[in-house]
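For reference, the structure discussed in these notes is given below.
Written as structure tokens, this is what we have:
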């Protein structure tokens, strides 16, 4: 399995957990719990810089896989919808030649929120959803991140 590490960065509304194996980020988890900060590494530094408004792109080593359709959606989002920008589920679906429902599933399955900026995907007439891996609504995080980036 290699060198496994969990780092924690605190934000105004909770904590960000960063799971790495051999210095490659495998998962990011957002929580409404305020956990003690842990880790002083590239991952925590970049996320702290992002939260302070200094960093616009997270570019640390990361690994994700979930099949070609989700990977295409995630790559398009990361490469084309930058800091302070938003895109609708429908427009992202059109760009990736799939359906808005598939885009929704891809966003809900995102193992690396912030790195793959699923918070920037919104509904046509609403903010859209934002759900943690355990199914818990994390809409407060979506609002917080969009406000941080000046999109709301």
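In full-length UniProt numbering, the protein residues as written are 1 to 152.
All C-beta atoms, glycine included, are put in the ideal place defined by N, C-alpha and C.
Apply the 10 Å Cβ neighbour rule to residue 41 and answer buried if 16 or more other Cβ atoms are within range, or exposed otherwise.
exposed
Within a Cβ cutoff of 6 Å, which residues of the same chain sit near residue 32, ignoring the five residues on either side of it in sequence?
14
At the level of alpha carbons, what is the spacing between residue 6 and residue 105?
26 Å
Once the 5 residues before and after residue 179 are set aside, which same chain residues still bring their CB inside 6 Å of it?
Not covered by the structure: residue 179. The range shown for the chain is 1 to 152.
Using CA coordinates, which residue listed in 85, 115, 91 and 96 is at the minimum distance from residue 147?
85
Sort out for me which residues DSSP pairs residue 19 with in a bridge.
6 and 27
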